[in-house]
Amino acid sequence: MKWQKKSSLRRRETMTGYLMIMPLMAGVTVFFIGAFFQNIYYSFTDKSSFGIPRVVGLKNYVELFHDDSFYQALLNTILYVVICVPAVVILAVFLAVLLNSKIKGIGVFRVCIFLPAVTLPAAIGLLWKWLMNYKFGIFNEILGMLGAKPVAWLSDSRIVLFSIAVVFVWANVAYQVIVLLAGLQGIPACYREAAAIDGAGRIQSFFRIILPLLSPSIFFVSVTTVINVFQIFDLIYLMIPQGSSGTEASRSLVTYFFEQSFVKFHKGYGAAISLMLFLLILSVTALQMICQKKMVFYDD
Amino acid sequence: MRIRKWGIYLLLVLCSAGTVGPFLWMILTSFKSYEESIRIPPTILPEVFTVGSYQEVIDKFPFFEFYINTFLVLLFTIGIELLICSMAAYAFARLHFPGRDVIFIILLALMMVPGQIFLVPNYDIMVKLHLADTVTALWLPKVFSAFGTFMLREFFKGLPKSLDEAAMLDGCGFFQIYYLILLPLLKPALSSLAILTAISTFKDLMWPLIVNNSMEKMTLSAGLAMLIGEHTTYYPQVMAGGMIAILPMMIIFFLFQKQFVEGIATTGVKQ
Numbered sequence: 071m072k073w074q075k076k077s078s079l080r081r082r083e084t085m086t087g088y089l090m091i092m093p094l095m096a097g098v099t100v101f102f103i104g105a106f107f108q109n110i111y112y113s114f115t116d117k118s119s120f121g122i123p124r125v126v127g128l129k130n131y132v133e134l135f136h137d138d139s140f141y142q143a144l145l146n147t148i149l150y151v152v153i154c155v156p157a158v159v160i161l162a163v164f165l166a167v168l169l170n171s172k173i174k175g176i177g178v179f180r181v182c183i184f185l186p187a188v189t190l191p192a193a194i195g196l197l198w199k200w201l202m203n204y205k206f207g208i209f210n211e212i213l214g215m216l217g218a219k220p221v222a223w224l225s226d227s228r229i230v231l232f233s234i235a236v237v238f239v240w241a242n243v244a245y246q247v248i249v250l251l252a253g254l255q256g257i258p259a260c261y262r263e264a265a266a267i268d269g270a271g272r273i274q275s276f277f278r279i280i281l282p283l284l285s286p287s288i289f290f291v292s293v294t295t296v297i298n299v300f301q302i303f304d305l306i307y308l309m310i311p312q313g314s315s316g317t318e319a320s321r322s323l324v325t326y327f328f329e330q331s332f333v334k335f336h337k338g339y340g341a342a343i344s345l346m347l348f349l350l351i352l353s354v355t356a357l358q359m360i361c362q363k364k365m366v367f368y369d370d
Numbered sequence: 003m004r005i006r007k008w009g010i011y012l013l014l015v016l017c018s019a020g021t022v023g024p025f026l027w028m029i030l031t032s033f034k035s036y037e038e039s040i041r042i043p044p045t046i047l048p049e050v051f052t053v054g055s056y057q058e059v060i061d062k063f064p065f066f067e068f069y070i071n072t073f074l075v076l077l078f079t080i081g082i083e084l085l086i087c088s089m090a091a092y093a094f095a096r097l098h099f100p101g102r103d104v105i106f107i108i109l110l111a112l113m114m115v116p117g118q119i120f121l122v123p124n125y126d127i128m129v130k131l132h133l134a135d136t137v138t139a140l141w142l143p144k145v146f147s148a149f150g151t152f153m154l155r156e157f158f159k160g161l162p163k164s165l166d167e168a169a170m171l172d173g174c175g176f177f178q179i180y181y182l183i184l185l186p187l188l189k190p191a192l193s194s195l196a197i198l199t200a201i202s203t204f205k206d207l208m209w210p211l212i213v214n215n216s217m218e219k220m221t222l223s224a225g226l227a228m229l230i231g232e233h234t235t236y237y238p239q240v241m242a243g244g245m246i247a248i249l250p251m252m253i254i255f256f257l258f259q260k261q262f263v264e265g266i267a268t269t270g271v272k273q
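Dropping the structure here:
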């Protein structure tokens, strides 16, 4: 009798479990799992916007490996990562520590510095496009007043990548500051006090106490920033007009994917690009996970 | 000590100027006439204060529709996501059923895949369902969130098991435990997820640009992108459009600052 009751409870638990994950899993199966394999299939076809895609085998991949624009986009993307990730992480740590000071009016400063985190990238893109305007932008006006020559921020192929990187850092640092500030506030005051009693100075206590205790948050911020930069698209799309002189030099993998898939409608080729991006992000994230064991300190 | 304090203030003022300054320039430009905006040397404050650019940009672009669409997309995405994900999260955290862990690992693995992979197939699905170029298309694929499920599962796991046991003794079924006992305790986590979803949905640009093509079916984000495409040279108008688009989120941020900060912070604490 008792056994029977227990087994009917078991059965009910199983049924309820499946029922409760069903809506989610139905959607996930269609829009993510199914779409993932569909995309792999597309990468072996000549899919364009109309007509039935024909299977072309490895043609897209062979083409990809001989495509200079792809290599340029890959190189640009890696450059974006190399420039933006350290900049975002270091600046975010600096700002979080600064905003963690216990002084009057800190709330106002926090709001000011958090502001870009809740602003549309579209608005940030058009705002900075105006600031960096060659003829009438305020940046070149200021340079002019200092007696320097105007800079073609968004059309000089040697500069455009750095300009985009600056805007990316400006737009993305605030979000990470919020994450790190929470991490800082989670560090018990007793550690710092103990260090002070032992005679550690501020600098020493920052590098020896705060930074190691903050390393899980810093690690998290680094991983998410790496993933975000690998997918950099919005700002480039908004600030660099298609076919302008800055296009080649600023083009990222996602921008190239977008161009191929939705401007030229080479969707099969675009699918191959997106899979390359996936493999790249996967391997870099795996590498970071391995490094985590060596560099991150967990306090428990 | 005194000097240190003033040093901190100085740094804070400089950094704040770095973030607020560009926005200030945006506001100032939006109130200038076109002729004044391209004058050399530039004027700082508008000599003639005009709202003409706002007028023109509202006449030319359906900002009212952008607002409504954005609001609807946020409403449906957040509402349905919270329901679907919290249900699944409860099941993954508390119930035992065959295949549970395998399914959950598949969900986790999906979080590693960059979103671009799904775009073309999802667009095809929307076309097949005759949903392309509708507001529904903007939110439908977004509600099935692996991240949201993962995050809420962590919070369910943080609640004491004794709650379930007590409720069960009182005759609650599994669904009632979820709905009546645990879910009300998860309000802070739900509001965090709602805010994170709001921010990412509000900012999303590529999906609306791909799946919809009529201007009246765009969100603020995508609508603004089209504005840049068509009106690059008239910067006061572009700045006015930008102001109109970012203002609602900024006001909400000022009002619910604490919730925003807590919401974003949860992503870093839980991993």
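Quick mapping for you: the protein sequence lines, in order, are chains X and B.
Under the numbering used here, think of the first position of the first sequence as 71, with each following residue one higher.
Under the numbering used here, think of the first position of the second sequence as 3, with each following residue one higher.
Beta carbons: idealized from backbone N, C-alpha and C, even for Gly.
| Item | Value |
| --- | --- |
| Assuming residue 267 of chain X and residue 283 of chain X are in contact, meaning their beta carbons sit under 8 Å apart, how far apart are those beta carbons, in whole angstroms? | That belief does not hold up - the Cβ atoms of residue 267 of chain X and residue 283 of chain X are roughly 17 Å apart, past 8 Å. |
| Along the stretch 336-359 of chain X, what residues have a CB closer than 8 Å to any CB found in chain B? | 337, 340, 341, 344, 345, 347, 348, 351, 352 and 355 |
| Which residues in the same chain as residue 354 of chain X place their Cβ atom closer than 7 Å to its Cβ, once the five residues preceding and following it in sequence are excluded? | 296 |
| Verify whether the separation of the beta carbon atoms of residue 239 of chain X and residue 154 of chain X is less than 8 Å. | yes |
| Identify, in the order they occur along the chain, each residue of the same chain with its Cβ nearer than 8 Å to the Cβ of residue 335 of chain X, setting aside the five sequence neighbours on each side. | 118 and 119 |
| The stretch 94-121 of chain B: which residues have C-beta closer than 8 Å to a C-beta of chain X, in chain order? | 94, 97, 98, 99, 100, 102, 105, 108, 109, 112, 114, 115, 116, 117, 118, 119, 120 and 121 |
| Check the Cβ of residue 205 of chain B against every Cβ in chain X and list those closer than 7 Å, keeping chain order. | 190 and 191 |
| To the nearest angstrom, how far is the alpha carbon of residue 82 of chain B from that of residue 246 of chain X? | 27 Å |
| Could you tell me the alpha carbon to alpha carbon distance between residue 197 of chain X and residue 160 of chain X, rounded to whole angstroms? | 25 Å |
| Out of B:88, B:117, B:51 and B:17, which has the shortest C-alpha to C-alpha gap to residue 185 of chain X? | B:17 |
| Mind checking residue 347 of chain X: buried by the 16 CB within 10 Å criterion, or exposed? | buried |
| Return the bridge partner residues of residue 115 of chain X from the DSSP annotation. | X:125 |
| Considering just the uninterrupted stretch of the alpha helix (DSSP H) at residue 102 of chain B, what are its terminal residues? | 102-112 |
| Which parts of the stretch 277-346 of chain X are runs of the alpha helix (DSSP H), unbroken and 4 residues or longer, counting only runs that do not cross its ends? | 281-300, 304-309, 317-320 and 323-328 |
| Nearest-angstrom Cα distance between residue 176 of chain B and residue 151 of chain B? | 18 Å |
| Please report how far the alpha carbon of residue 154 of chain B lies from the alpha carbon of residue 229 of chain B, in whole angstroms. | 38 Å |
| Specify the secondary structure class of residue 366 of chain X as computed by DSSP and reduced to three states. | coil |
| Give me, in chain order, the residues of the same chain whose beta-carbon lies closer than 8 Å to that of residue 84 of chain B; leave out the 5 immediate sequence neighbours on both sides. | 150, 192, 195 and 196 |
| Quick check on residue 210 of chain X: does DSSP put it in helix, strand or coil? | helix |
| Expressed to the nearest angstrom, what Euclidean distance is found between the alpha-carbon atoms of residue 272 of chain B and residue 219 of chain X? | Its pLDDT being 46, under 50, residue 272 of chain B is placed unreliably by the model, and the measurement read from it follows with that caveat. About 49 Å. |
| Among the residues of its own chain, which have a CB less than 6 Å from the CB of residue 246 of chain B, if the five just before and after it don't count? | 65 |
| Identify whether residue 202 of chain X lies in helix, strand or coil by the three-state DSSP scheme. | coil |
| Write down every uninterrupted run of the beta strand (DSSP E) in the stretch 160-200 of chain B whose length is 3 residues or greater and which is fully enclosed by it, in chain order. | none |
| Verify whether the separation of the beta carbon atoms of residue 227 of chain X and residue 319 of chain X is less than 8 Å. | yes |
| In terms of residue numbering, what span does the alpha helix (DSSP H) encompassing residue 236 of chain B cover? | That residue, residue 236 of chain B, is in no alpha helix (DSSP H); it is neither H nor E in DSSP. |
| Between B:219, B:60 and B:145, which has its C-alpha nearest residue 77 of chain B's C-alpha? | B:145 |
| Thinking residue 251 of chain B and residue 188 of chain X are a contact (beta carbons under 8 Å), I'd like their distance in whole angstroms, please. | 5 Å |
| Quick one, which of X:340, X:314 and X:305 has its alpha-carbon nearest residue 150 of chain X's? | X:305 |
| Got a sec? Which residues, its chain only, sit under 6 Å from residue 211 of chain B by beta carbon, not counting five neighbours each side? | 224 |
| If you compare alpha carbons, which of B:199, B:119, B:268 and B:227 is closest to residue 73 of chain B? | B:199 |
| At 8 Å on the CB atoms, spell out the chain B contacts of residue 83 of chain X, in chain order. | 97, 98, 99 and 176 |
| To the nearest angstrom, how far is the alpha carbon of residue 308 of chain X from that of residue 177 of chain X? | 32 Å |
| Relative to the C-alpha of residue 158 of chain B, which candidate in B:143, B:190 and B:168 has its C-alpha closest? | B:190 |
| Can you give the Cα-Cα distance for residue 19 of chain B and residue 87 of chain B, rounded to whole angstroms? | 40 Å |
| Which of the three DSSP states, helix, strand or coil, is assigned to residue 58 of chain B? | helix |
| Does the beta-carbon of residue 123 of chain B have 16 or more other beta-carbons within 10 angstroms, so that it is buried, or is it exposed? | buried |
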